[in-house]
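Okay, structure first, notes after.
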Amino acid sequence: MTTSKATTSANTFGGIGGNLPRPDGTLKVRGEFAYSSDLWLEDMLWGATLRSPHVRARILGIDLTEAIAMPGVHAVLTHDDVPGEKHYGLDRRDQPVLAVDQVRYQGEAVAIVAADHPETARRAAKAIKVSYEPLPPVVDPAWALDPASPPIHPGGNVVRRQPVRTGVFLDGPGAPPADVVVVGEYEVGMQDQAFLGPESGLAVPAEDGGVDLYIATQWLHVDRDQLAPCLGLPPELVRLTLAGVGGAFGAREDLSMQVHACMLALRTGRPVKIVYDRQESFFGHVHRHPARMRYEHGADADGRLVYVKAEILLDGGAYCSSSLAVVGNAASLGAGPYEVPNIHIDAYGVYTNNPPCGAMRGFGAVQACFGYESQMDRLAAACGLSPVEIRIRNAVSEGSRIATGQLVDTPAPLAEMLAELAAMPMPDLPAERPGPDLRDLPGGVSQTTRGEGVRHGVGYAVGLKNICYSEGFDDYSTARVRVELLGGKPHVLVHTAAAEVGQGLVTVLAQIARTELGVANVTVAPADTRVGSAGSSSASRQSYMTGGAVRAACAAVRDRLAAHGPAESLTEILALTGPIEETREYRHRPTFPMDPFTGQGDSHTQLALCVHRAVVAVDVELGLVKTVELAAVQDVGRILNPIALEGQIHGASAQGLGLALMEEIQMEGGRVLNPSFTDYLIPTILDMPPMRLSILEHPDPHAPYGLRGAGEPATLSSTPAIVAAVRNATGLELPRVPIRPEHIALT
Amino acid sequence: MNDDEDLSAPVTMEMRLSVNGIGYPITVDTRETLLDTLRERLDLTGAKKGCDHGQCGACTVLVDGRRVTSCLTLTVALDDREITTVEGLADGSVPHPLQTAFVRHDALQCGYCTPGQLCSAVGMLAEARAGWPSIVTADGGSVDARLDEAEIRERMSGNLCRCGAYVNIVAAIAEVAR
Chain R
54 MTTSKATTSA NTFGGIGGNL PRPDGTLKVR GEFAYSSDLW LEDMLWGATL
104 RSPHVRARIL GIDLTEAIAM PGVHAVLTHD DVPGEKHYGL DRRDQPVLAV
154 DQVRYQGEAV AIVAADHPET ARRAAKAIKV SYEPLPPVVD PAWALDPASP
204 PIHPGGNVVR RQPVRTGVFL DGPGAPPADV VVVGEYEVGM QDQAFLGPES
254 GLAVPAEDGG VDLYIATQWL HVDRDQLAPC LGLPPELVRL TLAGVGGAFG
304 AREDLSMQVH ACMLALRTGR PVKIVYDRQE SFFGHVHRHP ARMRYEHGAD
354 ADGRLVYVKA EILLDGGAYC SSSLAVVGNA ASLGAGPYEV PNIHIDAYGV
404 YTNNPPCGAM RGFGAVQACF GYESQMDRLA AACGLSPVEI RIRNAVSEGS
454 RIATGQLVDT PAPLAEMLAE LAAMPMPDLP AERPGPDLRD LPGGVSQTTR
504 GEGVRHGVGY AVGLKNICYS EGFDDYSTAR VRVELLGGKP HVLVHTAAAE
554 VGQGLVTVLA QIARTELGVA NVTVAPADTR VGSAGSSSAS RQSYMTGGAV
604 RAACAAVRDR LAAHGPAESL TEILALTGPI EETREYRHRP TFPMDPFTGQ
654 GDSHTQLALC VHRAVVAVDV ELGLVKTVEL AAVQDVGRIL NPIALEGQIH
704 GASAQGLGLA LMEEIQMEGG RVLNPSFTDY LIPTILDMPP MRLSILEHPD
754 PHAPYGLRGA GEPATLSSTP AIVAAVRNAT GLELPRVPIR PEHIALT
Chain S
6 MNDDEDLSAP VTMEMRLSVN GIGYPITVDT RETLLDTLRE RLDLTGAKKG
56 CDHGQCGACT VLVDGRRVTS CLTLTVALDD REITTVEGLA DGSVPHPLQT
106 AFVRHDALQC GYCTPGQLCS AVGMLAEARA GWPSIVTADG GSVDARLDEA
156 EIRERMSGNL CRCGAYVNIV AAIAEVAR
């Protein structure tokens with residue numbers, strides 16, 4: 054049995070490269086897939102959370118008397134009841150399990166209740182009396198940069214400042230001479246992941262004094278590593294099992310109700326279920342960092358970049374979450390996939406009393422991409438070049454260096470991708486068809502005109518995203534693979550802790566095992582903490598990392614089988630040996646920190662590219678936009694499952710469309726104004742246009758099968774391409790996303 | 006809170022609820038939504054609570070073959086109506102053609118919206134077959150209601166999919182609509 058033999062039979066066996074259906078698909082279409090909110094135990098209690106109505110306040114006292122006295126209430130807990138560490142956090146442990154002496158954002162958890170009915174729990178939470186002394190909040194991130202602003206945490210409000218300096222900027226801030234200089238200021242609003250399955254989980258106290266938590270999350274082990282210290286328990290007594298995940302997109306990287314449910318379960322000795330409703334969900338997870346950016350691009354008369362200067366200010370809100378990494382991405386990728394000899398970037402993340410911001414698909418890179426791509430269009434106009442030509446002229450390729458000085462040592466066919474994108478056929482524009490069909494107009498059937506104000510536009514954008522964890526993080530995944538005879542036939546069991554969040558990882562892991570072992574019958578076991586960490590379902594990394602771990606474990610199994618000689622069949626060997634099981638950890642090439650003063654360093658292990666073309670119809674009188682078509686070209690190195698991959702590009706493009714045209718958590722003085730799906734709009738099936746895709750396979754020799762992580766890159770380029778198309782249709786500057794109707798109609 | 010005390014005394018009613026061909030004699034709180042009855046009392050957790058406000062469509066079920074958001078439907082009003090949830094779409098072990106098409110076209114990712122998408126699509130196809138227009142034109146007529154992709158989008162716009170599987174959802178429904 055060899056890899057090559059197995060690979061040749063890949064499609065017979067359902068190996069990599071085939072359009073395998075997702076193994077959980079049948080349960081999902083039958084309504085039988087158990088999401089975390091579907092879990093049920095007969096004797097369980099329901100948890101509820103009391104949250105701060107204030108943006109910033111001192112807590113003077115908490116009176117639980119009335120809540121505890123309510124019939125059906127089993128526990129009412131505050132920070133006093135946290136058994137262990139009172140704080141948790143991904144990058145810094147700065148977030149209290151329950152507010153201690155102050156609240157730092159509206160919606161911060163203050164107290165928790167367990168009761169025998171969800172409504173009883175909710176009413177008991179309302180009956181808790183908290184005495185607050187409101188304090189003036191810091192809600193302007195620019196003010197947070199000022200050392201005179203009141204510190205939200207000890208050490209001040211700057212979470213991270215990361216400069217990048219190359220070329221002449223190593224000697225000072227003075228820009229080199231350039232024939233053409235364009236300057237722009239841009240803003241990105243606060244986007245929400247808005248997964249459809251709100252935060253939920255079920256904590257079950259165990260006889261050994263520990264707790265079992267069934268939870269929808271992105272990374273079981275990092276949840277456990279934060280949970281166990283807060284619960285005052287050794288990690289082995291805190292066991293997590295992945296429950297069905299109703300979407301993630303970064304919002305399940307941080308803890309939400311995990312510690313709360315476990316505290317209540319341990320206190321009451323009963324299973325406790327917590328399910329957030331939609332409004333609470335908006336307060337229960339981090340959001341995408343809003344950004345304010347100033348960019349200055351200098352080029353020669355031919356449009357070749359001479360320098361890029363950028364200031365990128367990211368509002369991290371009340372707690373750190375992933376802000377350190379978000380700033381690192383914005384800085385290191387802040388000039389985009391272009392060859393630029395002189396770079397001067399300052400990226401900042403700050404604390405404010407706004408809602409905490411952290412991971413959302415493409416973090417850090419998404420914000421910067423809107424800035425640098427808006428600039429490239431300005432530069433194109435100033436140089437008299439087309440948007441495609443200016444990008445091709447400056448495109449990185451293998452052998453280029455990005456802003457950090459890191460060599461692009463794998464294929465980076467950006468120019469080829471742009472050429473292919475530009476050559477794709479254009480869609481039929483509705484206006485060129487006979488008769489006004491309201492369905493074709495911006496605003497659809499609610500349109501009150503006959504399309505007199507409709508203009509069309511086309512826009513292009515490219516994006517550069519790091520894949521896997523960066524900046525020296527010890528990024529690894531673990532897989533256990535067991536081969537045995539079941540009913541006389543070989544069967545493979547793949548066990549990892551990797552979170553299937555809808556991306557189709559379980560499909561791909563089974564495909565890899567089939568390819569590596571040549572066995573058709575593969576089961577992917579439920580993810581839990583009985584196997585080593587798989588790392589997070591984030592950073593487009595799971596096919597790469599857990600895929601790599603499964604491949605390595607399969608290879609180890611194959612080595613043991615090979616010891617029995619090539620002549621014997623797998624069935625014969627297994628009949629002799631019994632089950633063969635191997636566990637392997639997989640690591641990507643190491644990465645290194647960014648220099649604190651120059652930002653230089655090989656901070657990323659893999660870079661990925663996506664390019665988009667957007668065609669839009671804009672009603673300039675009503676300010677409405679309809680995206681007519683999105684086209685994309687992405688290089689994924691190697692396609693493991695075409696249909697699942699296309700789904701990732703569709704979904705990433707849709708979320709980029711949402712950021713371009715509708716999605717924003719709106720705030721006033723730190724208060725969220727629109728925590729509902731009536732007021733926070735996400736794209737519907739009407740908003741999402743048909744897509745034209747071209748997927749390239751230029752392998753990365755450092756990655757398993759040459760693959761390149763694919764979940765995020767399309768999120769980057771979708772937004773600026775759509776905005777560029779709206780600019781093209783209207784002639785407006787549109788420096789801010791999401792574009793609102795009044796930005797178009799009332800100008 | 007004082008008002009709460011007065012209003013909290015439950016008013017209940019005995020009724021027969023028919024779901025997926027099975028009659029359930031139950032006593033319901035008159036404030037209870039169909040979604041809560043299904044999920045918390047009948048152990049039918051297929052219909053999902055995405056927003057509980059009728060905004061996302063994840064709770065869509067069929068009442069006498071017509072789609073409703075079960076989070077905005079009071080159970081007490083459904084005496085002697087026939088309710089179909091995602092669990093009842095298949096014919097025994099034979100999946101509904103839309104269920105098959107959703108799997109084949111990968112018209113789902115996390116799958117949380119899928120029960121609602123499927124029930125909505127079943128109801129939508131019936132509406133289209135019955136000749137219901139999706140849009141009325143200025144002169145009081147209706148546009149061609151052929152279920153091309155644009156028309157499928159038009160009629161499915163009440164069901165959100167945050168994974169953005171829309172392209173494949175359209176393809177799956179179009180295949181069955183043909």
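Which chain is which? The protein sequence lines are R and S, in order.
Going by the working numbering, the first sequence opens with residue 54, and the numbers climb by one from there.
Going by the working numbering, the second sequence opens with residue 6, and the numbers climb by one from there.
Every residue gets a Cβ at the ideal spot worked out from N, C-alpha and C, and that includes glycine.
> Can D111(S) and N173(S) be called in contact, C-beta distance under 8 Å?
Replying inline: Taking the first residue of the second sequence as 1, we reach residue 111(S) at position 106. Taking the first residue of the second sequence as 1, we reach residue 173(S) at position 168. One thing to note: D111(S) has its Cβ within 8 Å of the Cβ of N173(S).
> Can you tell me the Cα-Cα spacing of V264(R) and R508(R), whole angstroms?
Replying inline: What you label residue 264(R) is simply residue 211 of the first sequence in a count that begins at 1. What you label residue 508(R) is simply residue 455 of the first sequence in a count that begins at 1. When rounded, the separation of the alpha-carbon atoms in V264(R) and R508(R) is 60 Å.
> If contact means a Cβ-Cβ distance below 7 Å, which residues of the region 76-88 of chain S contact chain R?
Replying inline: Taking a C-beta cut-off of 7 Å against chain R, none of the residues of the region 76-88 of chain S qualify.
> At what residues does the beta strand (DSSP E) containing V181(S) begin and finish?
Replying inline: Walking along the second sequence from the start, residue 181(S) turns up at place 176. Per DSSP, V181(S) belongs to no beta strand (DSSP E); it is in the alpha helix (DSSP H), Y171 to A182.
>> Taking DSSP's pairing of strands, which residues face S530(R) in a bridge?
In response: Start at 1 with the first residue of the first sequence, and residue 530(R) comes out as number 477. DSSP output for S530(R) lists Y639(R) as bridge partner(s).
> Residue range of the beta strand (DSSP E) that E682(R) falls in?
Replying inline: Taking the first residue of the first sequence as position 1, residue 682(R) is located at position 629. For E682(R), the enclosing beta strand (DSSP E) starts and ends at L677 to D688.
>> Which residues does DSSP list as the beta-bridge partners of Q148(R)?
In response: Working through the first sequence from its first residue, we reach residue 148(R) at position 95. According to DSSP, Q148(R) bridges with Y141(R).
>> Against L714(R), what residues of chain S qualify as contacts under a CB-to-CB distance less than 8 Å, listed in chain order?
In response: Taking the first sequence and counting its residues from 1, the one referred to as residue 714(R) is at position 661. In chain order: nothing, as chain S lies at least about 14 Å away.
> I365(R) and A456(R) look like a contact to me (Cβ under 8 Å); what is the Cβ gap, rounded to whole Å?
Replying inline: Within the first sequence, numbered from 1, the residue matching residue 365(R) stands at position 312. Within the first sequence, numbered from 1, the residue matching residue 456(R) stands at position 403. That belief does not hold up - the Cβ atoms of I365(R) and A456(R) are roughly 12 Å apart, past 8 Å.
>> If I measure Cβ to Cβ from Y267(R) and keep anything under 7 Å in the same chain, skipping five residues before and after, which residues do I get?
In response: Residue mapping note: residue 267(R) aligns to position 214 of the first sequence, counting from 1. Once the five neighbours on either side are set aside, the close Cβ partners of Y267(R) are S89, L92, G254, L255, T294 and A296.
> Can you find at least 3 beta carbon pairs, one from the region 750-770 of chain R and one from the region 685-692 of chain R, that sit closer than 8 Å?
Replying inline: Yes, they touch.
> Going by other Cβ atoms of all chains shown within 10 Å of its Cβ, with 16 needed for buried, is E505(R) buried or exposed?
Replying inline: Counting from one through the first sequence, the residue named residue 505(R) turns up at place 452. That one is exposed.
>> Quick check on DSSP: helix, strand or coil for R503(R)?
In response: Stepping through the first sequence from its first residue, residue 503(R) is reached at position 450. When secondary structure is reduced to three states using DSSP, R503(R) falls in the coil class, being assigned neither helix nor strand.
>> Spatial neighbours of R167(S) within its chain, please: C-beta separation below 7 Å, excluding the five flanking residues on both sides.
In response: Against the second sequence, residue 167(S) aligns to sequence position 162. There are no such residues.
> For A707(R), which residues in chain S fall below 9 Å Cβ to Cβ?
Replying inline: The residue given as residue 707(R) occupies position 654 in the first sequence. C166, R167, C168, G169, A170, Y171 and V172, listed in chain order.
>> Going by the DSSP bridge assignment, what does A128(R) pair with across the sheet?
In response: As a first step, residue 128(R) must be located in the first sequence, where it is residue number 75. A128(R) pairs with A167(R).
> Of all the residues that make up the region 115-138 of chain R, which are near chain S by a beta-carbon distance shorter than 7 Å?
Replying inline: Within the region 115-138 of chain R, no residue has a Cβ that lies closer than 7 Å to any Cβ of chain S.
> To which residues of the same chain is P226(R) closer than 7 Å at the C-beta, ignoring the five residues directly before and after it?
Replying inline: By 1-based counting over the first sequence, the position of residue 226(R) is 173. Close CB contacts of P226(R) within its chain, under the 7 Å cut and outside five residues either way in sequence, are with H397 (chain order).
> What residue from L249(R), L308(R), L467(R) and S427(R) has the CA that sits closest to G48(R)'s CA?
Replying inline: In the structure as shown, chain R begins at 54 and stops at 800. Residue 48(R) is therefore absent and cannot be evaluated.
>> Rounding to the nearest angstrom, what Cα-Cα distance links R277(R) and R151(S) in this structure?
In response: Stepping through the first sequence from its first residue, residue 277(R) is reached at position 224. Stepping through the second sequence from its first residue, residue 151(S) is reached at position 146. Distance between the alpha carbons of R277(R) and R151(S): 53 Å.
> CB M243(R) to CB R341(R), shorter than 8 Å?
Replying inline: Taking the first sequence and counting its residues from 1, the one referred to as residue 243(R) is at position 190. Taking the first sequence and counting its residues from 1, the one referred to as residue 341(R) is at position 288. Their beta carbons are under 8 Å apart, which means M243(R) touches R341(R) by this criterion.
>> Rounded to whole angstroms, what is the Cα-Cα separation between P632(R) and L103(S)?
In response: Looking up residue 632(R) in the first sequence gives position 579. Looking up residue 103(S) in the second sequence gives position 98. Spanning the alpha carbons of P632(R) and L103(S) requires a straight line of approximately 40 Å.
> According to the neighbour-count rule (16 or more other Cβ atoms, all chains shown, within 10 Å of its Cβ), is R345(R) buried or exposed?
Replying inline: Taking the first sequence and counting its residues from 1, the one referred to as residue 345(R) is at position 292. It is buried - the Cβ of R345(R) has at least 16 other Cβ atoms within 10 Å.
> Between F645(R) and chain S, is there a C-beta pair that is closer than 8 Å?
Replying inline: In the first sequence, residue 645(R) corresponds to position 592, counting from 1. Judged by the 8 Å Cβ criterion, F645(R) is not in contact with chain S.
> R544(R) bridges to which residues according to DSSP?
Replying inline: Here the question's residue 544(R) lines up with position 491 in the first sequence. This sequence places His at residue 544(R); Arg is not what is there. E537(R).
> Which stretch, first to last residue, makes up the beta strand (DSSP E) that contains S596(R)?
Replying inline: As a position in the first sequence, residue 596(R) is number 543, starting the count at 1. From DSSP, S596(R) is part of no beta strand (DSSP E) but of the alpha helix (DSSP H) over Q595 to A615.
> The beta strand (DSSP E) spanning R160(S) covers which residue range?
Replying inline: Position 155 of the second sequence, counted from the first residue, corresponds to residue 160(S). Counting along the chain, R160(S) falls outside any beta strand (DSSP E), though it belongs to the alpha helix (DSSP H) covering E154 to R160.
> Shorter than 8 Å from the beta carbon of A59(R) to some beta carbon of chain S?
Replying inline: Sequence index remark: in the first sequence, residue 59(R) carries index 6 (1-based). Its pLDDT being 35, under 50, A59(R) is placed unreliably in this model, and the value from its coordinates should be taken loosely. By this cut-off, A59(R) is not an interface position.
> How many Å lie between A468(R) and T599(R) at the Cα?
Replying inline: The residue labelled residue 468(R) in the question sits at position 415 within the first sequence. The residue labelled residue 599(R) in the question sits at position 546 within the first sequence. Approximately 31 Å between the Cα atoms of the pair.
> Taking Cβ positions only, does V108(S) come closer than 8 Å to chain R?
Replying inline: What you label residue 108(S) is simply residue 103 of the second sequence in a count that begins at 1. Nearest CB-CB separation between V108(S) and chain R: below the 8 Å threshold.
>> Tell me which residue opens and which closes the alpha helix (DSSP H) that Q279(R) is part of.
In response: In the first sequence, residue 279(R) corresponds to position 226, counting from 1. Counting along the chain, the alpha helix (DSSP H) containing Q279(R) begins and ends at L273 to L284.
> Is M479(R) buried or exposed, if buried means 16 or more other CB atoms sit within 10 Å of its CB?
Replying inline: Along the first sequence, one-based indexing puts residue 479(R) at 426. Answer is exposed; the Cβ neighbour count stays below 16.
> Straight-line CA distance for S499(R) to L491(R)?
Replying inline: Here the question's residue 499(R) lines up with position 446 in the first sequence. Here the question's residue 491(R) lines up with position 438 in the first sequence. For the pair S499(R) and L491(R), the Cα-to-Cα distance works out to about 8 Å.
> A95(S) CB to nearest chain R CB: under 8 Å?
Replying inline: Here residue 95(S) is taken as the residue at index 90 of the second sequence, counted from 1. Output row for A95(S): interface = yes.
> Would you say G55(S) faces chain R, with C-beta separation under 8 Å as the test?
Replying inline: Residue numbering aside, residue 55(S) sits at position 50 when the second sequence is read from its first letter. So, interface residue.
> K81(R): which of W137(S), T80(S), G136(S) and L94(S) sits nearest, CA to CA?
Replying inline: Here the question's residue 81(R) lines up with position 28 in the first sequence. The shortest C-alpha separation from K81(R) is found at L94(S).
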